[in-house]
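Numbering (the UniProt record's numbering), first residue to last: 1 to 180.
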């Protein structure tokens, strides 16, 4: 049996969970998220405000969706209460970021032109100086996707390590040319 799938999902106070057949909607202080559960999986609301995710059989498809569904719903509950943040760092001479409001950033990344990056709905940016920024939102998947798109603007290169990287990311370095 799935170790993750059978864990109950605690619902903190201030969070409303509505289950309408296959759609689970979570409403909290930071916003609202909804997810459509795949067909064999059933989500039930128990006493004490605890959600449980059950599967009808031990088919391969049911087992693979069991833990996934539980994790996605738990991520929605955490997102509407605490939210998610992904931090990024910019490394390189002359590389910097300028905030143009909470949903727009302007990057100088060594190209001949500045790059303006607009946030999708539900995402805001925080900047801590010209080389540190954060992507904040309630949807974990969307926060990670936006952070990956920002990193893709100038990936860290392996010789000097210049570029946009996740905070704490280790860049595998290569040795340069051998000098005579």
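Beta carbons: idealized from backbone N, C-alpha and C, even for Gly.
A contact is defined here as three or more CB-CB pairs under 8 Å, and the stretch 71-79 meets this definition with respect to the stretch 137-155.
Looking from the CA of residue 39, the closest CA among 33, 20, 176, 62 belongs to 62. For residue 147, the enclosing alpha helix (DSSP H) stretches over residues 140-153. As computed with DSSP, residue 166 is found in a beta bridge with 88.
Distance between residue 154 and residue 145, taken at the CA atoms: about 15 Å.
In its chain, beyond the 5 residues on either side, 97, 114, 115, 117, 153 have a beta carbon closer than 7 Å to the beta carbon of residue 107. Between the alpha carbons of residue 122 and residue 84 lies a distance of about 11 Å. Restricted to the stretch 93-136, the beta strand (DSSP E) segments that are unbroken, complete and at least 3 residues in length are 96-99, 104-108, 115-118, 123-127, listed in chain order. Residue 175: not part of any alpha helix (DSSP H); DSSP gives it neither H nor E.
Of all alpha-carbon atoms in 95, 51, 41, the one lying nearest the alpha-carbon of residue 59 is that of 41.
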